[in-house]
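Asker: Numbered per mature numbering (1 follows the signal peptide of the UniProt record, and there is no 0), the sequence shown spans residues -19 to -1, 1 to 468.
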Amino acid sequence: MLYFALSLGVLLGPLGCYASAGPSACSNITSLLGSPKVNSHKLSLKYHKSTEYWSTPQDAYKPSCIVYPESAHDVSVALQAIRAADSRFAVKGGGHNPNTFFSSVDQGVLIDLSSLSEKSYDPDTMLATYQPGGVFGDIYDYFIKYNRTVVGARLSGVGTGLALGGGMSYLSPQYGMACDSFRELEIVLPDGQIVTASNTTNPDLFFASRGGGGNAYGVVTKYTVQSRPAGQFFAGIRIHAFPHKDTIIEAIGNFIRYNTDPKASIIGTYEKLPTPDLNLNIDEAIIMFLVYDGPDPGDAFANFTSVPHLIDTTGIKTYPEVADMPVSFATEASRGNNMFRVGVHRADNEEYKHALEVWRKWAESNKGKYSLLSLDFQPVPKSLTDASKAQGGNAMQMPDGPWFWLNYLLTTPPGMSKSDYNAIQASFRDMVSSTSNAEGLPLFINDANRDQHPLSTFSTYEKLQEIKKRYDPDNFFANKTGGWSFD
Ligand SMILES: Cc1cc2nc3c(=O)[nH]c(=O)nc-3n(C[C@H](O)[C@H](O)[C@H](O)COP(=O)(O)OP(=O)(O)OC[C@H]3O[C@@H](n4cnc5c(N)ncnc54)[C@H](O)[C@@H]3O)c2cc1C
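So this is what it looks like as C-alpha cells:
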C-alpha cells in the first residue's frame, strides 16, 4: 500500500503547479481509472442527476468532475489523486443531508457512490451485504425475495449514509438503530488504505462508524449487516385535523411511556402548509405513521385509532410497501430548499408538549415565509436502547429509553432574497433552541443542523475525537470535505 501511495505521489507530484486543484485531480483520476468512470460534462444528464440534492440549493454547485467508483480500489485511487492535487471533494450517497457541502462540492471532485450497488444474502448466517450506492428502497426490494430485510430508512428514497449517522427505522424498537446491525464494514481510509472494520478488526473504527457520522473516518464501500425477517406488516398513515393536536400529543407521550410491544412503531408528524389559515384549519394537519411487524397489532395503536381521522390507509403491507408510505415518490416530492434541526427530550416531563406549542406559535407568526414546516416526534423506546446494548452499543452509547428525538423541517419558498433567507433561518434556529434539550441525551446526527454540533452531545465525544485523529491524522477529510466538526 505504501508503494502504491508513493508511486501515485510521483505521478501526481508535478500537478501541484496547476492553478486549479479540482481539474488536476480530475484529469489524473481519468487517466488512472479511465474516462467511463469520470464525468466532466456539465451539460450531460448523468452530471445533472449526480448534482441533484434533496436540499436543492446544493444543485447549483458544479464539481470539476464526478467520479463513479466501481470498487473500493477505485475509491482509493480517487482519494489519493485528490490528496495529491490538494483538491476539495465530497462523497455522495443518496444526497439527502441538507447541510451544505456534506455531500456536495463546488469545483472539486464529487465521488458519487451510485455505481457501487452490489448486494448479497447468505442464508446460512443470515448476513446481508450491500454497497453504499442507490437508496434503501433498492435494498429492501433485493432482500425481500429472501423474506428478509435490513434495518434502514423509513422512506424508500433515502440513501445509505443514513446508517452511518445511526439510522432510525420502523424496525428500530426491535433491533436497534440501523448501525447496531452492522457486523463488518469495508472502509477506504483517508490515506487510501482499504481496511475491514468489525468487533475484532479495527474495533475502534467500527465503533466510530456505528452512528458517528459519514464522511469522517473514510469511505464505507461495503456494509455486512444482520438481516431481519420481513413478512406481513400492519401499517399505514392516519391523517387528523389539527384540532386533535392535544389528544394526539398525549397519545404519543403515552405510547412512548407505556407501549411494551417492540413490534409496534410510530412516527408522529405535525405539518403546517403555506396556505392561508382563515380559521378553517386547512393549513395544518397531523400525519401519524403506524407500523406493526405482523398482521395484527392488537391494541398497540388504540390511543391513535380512537381519534377521529380524515384519511386512514392502514392495512396489510409488505416491507417495501411500508417504506413507500405515504407514496413511493415521497422523498423526491419533498425536494426543495430544505433544512433540518433536531431536539431531544425525555418522556417523563412536559418539555415535548412545550416544543409543539412553541413551534405552532412560530408557524403562525411566520406565515408566508415557509412553503412547508413539519415537526416529527420519533420515539426512542427502552426496547431500542436495550437492543442496541445487546449488540455492543453504538457511537452514541444511547442512554436507556424512553426518550425521543424531534425533527424540525423548514422548507423555504423559491426566490427568497439572501437576507430574508438568513433572517428566517436565524429565527427558526432561535425558536428550536428556545425549547431546552434534555441533558445527557445525544442529538441525532441524521436530523441535525451543522451548527448544533451533535457529536459534542455524545458521551463518547472524546473517544471519537481520538479515533478521528488516528484514522485522519493529517486532517485530510476534516480540511478537504464537509461533515461534522471534531473541534
Ligand atoms: C426525506 C427524508 C427522510 C429521512 N428519513 C430518515 C429515517 O427514516 N431515518 C433516519 O435515521 N434518517 C432519516 N433521514 C435523515 C437521513 O438519514 C440523512 O439525511 C442522511 O444523511 C442521508 O443519507 P444519504 O446517503 O441519503 O445522504 P448524503 O448526503 O449523500 O450522505 C450523508 C453524509 O454521509 C456521507 N456518506 C454517505 N455515504 C457514505 C459512505 N459510504 N462513506 C462515508 N461517508 C458517506 C456523506 O458524505 C454525507 O456527509 C431522512 C432524510 C430525508 C431527507
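The beta carbon of each residue, even a glycine, is placed where N, CA and C say it ideally should be.
Do T416 and A344 come within 8 Å of each other at the CB atom, strictly closer than that value?
Answerer: Taking the first residue of the sequence shown as position 1, residue 344 is located at position 363. Taking the first residue of the sequence shown as position 1, residue 416 is located at position 435. Not a contact, by the Cβ cut-off of 8 Å.
Asker: Does the separation of the CB atoms of F321 and P113 fall below 8 Å?
Answerer: If you number the sequence shown from 1, residue 321 lands on position 340. If you number the sequence shown from 1, residue 113 lands on position 132. No, they are not a contact pair.
Asker: Can you have a look at D432 and say buried or exposed, based on whether 16 or more other CB atoms are within 10 angstroms of its CB?
Answerer: Here residue 432 is taken as the residue at index 451 of the sequence shown, counted from 1. D432 should be labelled exposed.
Asker: Please list the segments of the alpha helix (DSSP H) lying wholly inside the segment 48 to 116, counting only runs of 4 or more residues, in order along the chain.
Answerer: Segments of the alpha helix (DSSP H) lying fully in the segment 48 to 116: 53 to 66.
Asker: When we look at the beta-carbon of L24 and count the other beta-carbons within 10 Å, is it buried (16 or more) or exposed?
Answerer: In the sequence shown, counting from the first residue as 1, residue 24 sits at position 43. Result: exposed.
Asker: Measuring alpha carbon to alpha carbon, tell me which residue in G382, P394, S95 and M377 is nearest S352.
Answerer: Stepping through the sequence shown from its first residue, residue 352 is reached at position 371. Out of G382, P394, S95 and M377, P394 has the C-alpha closest to the C-alpha of S352.
Asker: N180 by DSSP, collapsed to three states: which one?
Answerer: Taking the first residue of the sequence shown as position 1, residue 180 is located at position 199. Of the three classes helix, strand and coil, the one that applies to N180 here is coil, per DSSP.
Asker: Name the DSSP beta bridge partners of R238, please?
Answerer: Here residue 238 is taken as the residue at index 257 of the sequence shown, counted from 1. Per DSSP, none; premise fails for R238.
Asker: Determine the DSSP secondary structure at L(-5), reduced to helix, strand or coil.
Answerer: By one-based count along the sequence shown, residue -5 stands at place 15. With a pLDDT of 39 at L(-5), under the threshold of 50, the modelled position of this residue cannot be trusted; read the value that follows with caution. Helix.
Asker: Using a threshold of 8 Å, state whether the C-beta atoms of L391 and L424 are closer than that.
Answerer: Taking the first residue of the sequence shown as position 1, residue 391 is located at position 410. Taking the first residue of the sequence shown as position 1, residue 424 is located at position 443. Contact flag unset, no.
Asker: For Y333 and G234, which I take to be in contact (beta-carbon distance under 8 Å), what is that distance rounded to the nearest angstrom?
Answerer: In the sequence shown, residue 333 corresponds to position 352, counting from 1. In the sequence shown, residue 234 corresponds to position 253, counting from 1. Confirmed, about 7 Å.
Asker: Let me check you understand the geometry: is the CB of A314 closer than 7 Å to at least one non-hydrogen atom of ligand 1?
Answerer: What you label residue 314 is simply residue 333 of the sequence shown in a count that begins at 1. A314: no, Cβ never under 7 Å from ligand 1.
Asker: If distances are taken between C-alpha atoms only, which option among E302, E265, V48 and Y127 comes closest to P224?
Answerer: In the sequence shown, counting from the first residue as 1, residue 224 sits at position 243. Here the closest residue by C-alpha is E265.
Asker: Just list the residues that DSSP pairs F163 with in beta bridges.
Answerer: Along the sequence shown, read from residue 1 onward, the residue named residue 163 stands at position 182. According to DSSP, which records beta bridges pairwise, F163 is partnered with V206.
Asker: Run the CB neighbour count on H29, radius 10 Å, all protein chains shown included, and call it buried at 16 or more, exposed below.
Answerer: What you label residue 29 is simply residue 48 of the sequence shown in a count that begins at 1. It counts as exposed.
Asker: Any heavy atom of ligand 1 closer than 7 Å to the Cβ of V72?
Answerer: Taking the sequence shown and counting its residues from 1, the one referred to as residue 72 is at position 91. Yes, the Cβ of V72 comes within 7 Å of a heavy atom of ligand 1.
Asker: With a Cβ-Cβ cutoff of 8 Å, do T312 and V139 count as a contact?
Answerer: As a first step, residue 312 must be located in the sequence shown, where it is residue number 331. As a first step, residue 139 must be located in the sequence shown, where it is residue number 158. Yes, the pair counts as a contact, with Cβ atoms nearer than the cut-off.
Asker: Would you mind stating whether L145 and G194 have Cβ atoms separated by less than 8 Å?
Answerer: Counting from one through the sequence shown, the residue named residue 145 turns up at place 164. Counting from one through the sequence shown, the residue named residue 194 turns up at place 213. For L145 and G194, yes; Cβs fall inside 8 Å.
Asker: Evaluate the contact criterion for the segment 371 to 385 versus the segment 166 to 177: three or more CB pairs, one atom per stretch, below 8 Å.
Answerer: The segment 371 to 385, when compared against the segment 166 to 177, does not touch it at the 8 Å Cβ threshold.
Asker: By a C-beta neighbour count over all protein chains shown, 10 Å radius and 16 as the cutoff for buried, is H22 buried or exposed?
Answerer: Translated into positions along the sequence shown, residue 22 becomes position 41. Exposed, by the Cβ-count rule.
Asker: For M107, which option in T250, G212, N330 and V131 has the closest C-alpha, if you only look at C-alpha atoms?
Answerer: For the purposes of this step, residue 107 is taken as residue 126 along the sequence shown, with counting starting at 1. Ranking the options by Cα distance to M107, first place goes to V131.
Asker: Tell me which residue opens and which closes the alpha helix (DSSP H) that P4 is part of.
Answerer: Position 23 of the sequence shown holds residue 4. Unbroken alpha helix (DSSP H) run through P4: A2 to L14.
Asker: Is L424 helix, strand or coil when you go by DSSP?
Answerer: What you label residue 424 is simply residue 443 of the sequence shown in a count that begins at 1. It is coil, neither helix nor strand.
Asker: Quick one: give me the first and last residue of the alpha helix (DSSP H) that S406 is part of.
Answerer: The residue you call residue 406 lines up with position 425 of the sequence shown. One detail in the question is off: residue 406 reads as Gln in this sequence, not Ser. From DSSP, the alpha helix (DSSP H) with Q406 extends over K399 to S414.
Asker: State the Cα-Cα distance for the pair R135 and K18, rounded to the nearest angstrom.
Answerer: Mapped onto the sequence shown, residue 135 falls at position 154. Mapped onto the sequence shown, residue 18 falls at position 37. R135 and K18: Cα-Cα distance of roughly 31 Å.
Asker: Three-state secondary structure (DSSP) at H434?
Answerer: Stepping through the sequence shown from its first residue, residue 434 is reached at position 453. Of the three classes helix, strand and coil, the one that applies to H434 here is coil, per DSSP.
Asker: Residues in the same chain with beta-carbon distance under 6 Å from P243, minus the five sequence neighbours each way, listed in chain order, please.
Answerer: Start at 1 with the first residue of the sequence shown, and residue 243 comes out as number 262. So the list reads P154, Q155 and S364, once near-sequence residues are dropped.
Asker: To the nearest angstrom, how far is the alpha carbon of R316 from that of G463?
Answerer: Locating residue 316 in the sequence shown gives position 335, where the first residue counts as 1. Locating residue 463 in the sequence shown gives position 482, where the first residue counts as 1. Cα to Cα, R316 sits roughly 21 Å from G463.
Asker: Given that a residue counts as buried once 16 or more other Cβ atoms are within 10 Å of its Cβ, and exposed if not, what is F310?
Answerer: Taking the first residue of the sequence shown as 1, we reach residue 310 at position 329. By the 10 Å Cβ count, F310 comes out exposed.
Asker: What distance in whole Å lies between the Cβ atoms of K43 and D87, which are believed to be in contact at a cut-off of 8 Å?
Answerer: Start at 1 with the first residue of the sequence shown, and residue 87 comes out as number 106. Start at 1 with the first residue of the sequence shown, and residue 43 comes out as number 62. Rounded, the Cβ-Cβ distance is 6 Å, consistent with contact.
Asker: Buried or exposed for G76, going by 16 or more other Cβ atoms inside 10 Å?
Answerer: Residue 76 sits at position 95 when you count from the first residue of the sequence shown. G76 should be labelled buried.
Asker: For the segment 399 to 411 and the segment 436 to 444, state whether three or more C-beta atom pairs, one from each stretch, are separated by less than 8 Å.
Answerer: At 8 Å Cβ cutoff, the stretches do not touch.
Asker: Kindly indicate which three-state DSSP category V341 falls into: helix, strand or coil?
Answerer: The residue given as residue 341 occupies position 360 in the sequence shown. Here residue 341 turns out to be Arg, not Val, going by the sequence shown. DSSP places R341 in helix when its eight states are reduced to three.
Asker: Run the proximity test for R135: is its beta-carbon closer than 7 Å to any non-hydrogen atom belonging to ligand 1?
Answerer: What you label residue 135 is simply residue 154 of the sequence shown in a count that begins at 1. Yes, the beta carbon of R135 sits closer than 7 Å to at least one heavy atom of ligand 1.
Asker: DSSP three-state call for R451: helix, strand or coil?
Answerer: By one-based count along the sequence shown, residue 451 stands at place 470. Looking at R451 - three-state DSSP - the assignment turns out to be helix.
Asker: Short of 6 Å in beta carbon distance, which residues of its chain neighbour W340, apart from the five on each side in sequence? Order them along the chain.
Answerer: Within the sequence shown, numbered from 1, the residue matching residue 340 stands at position 359. Closer than 6 Å at the Cβ level, and outside the excluded window around W340, lie L356.
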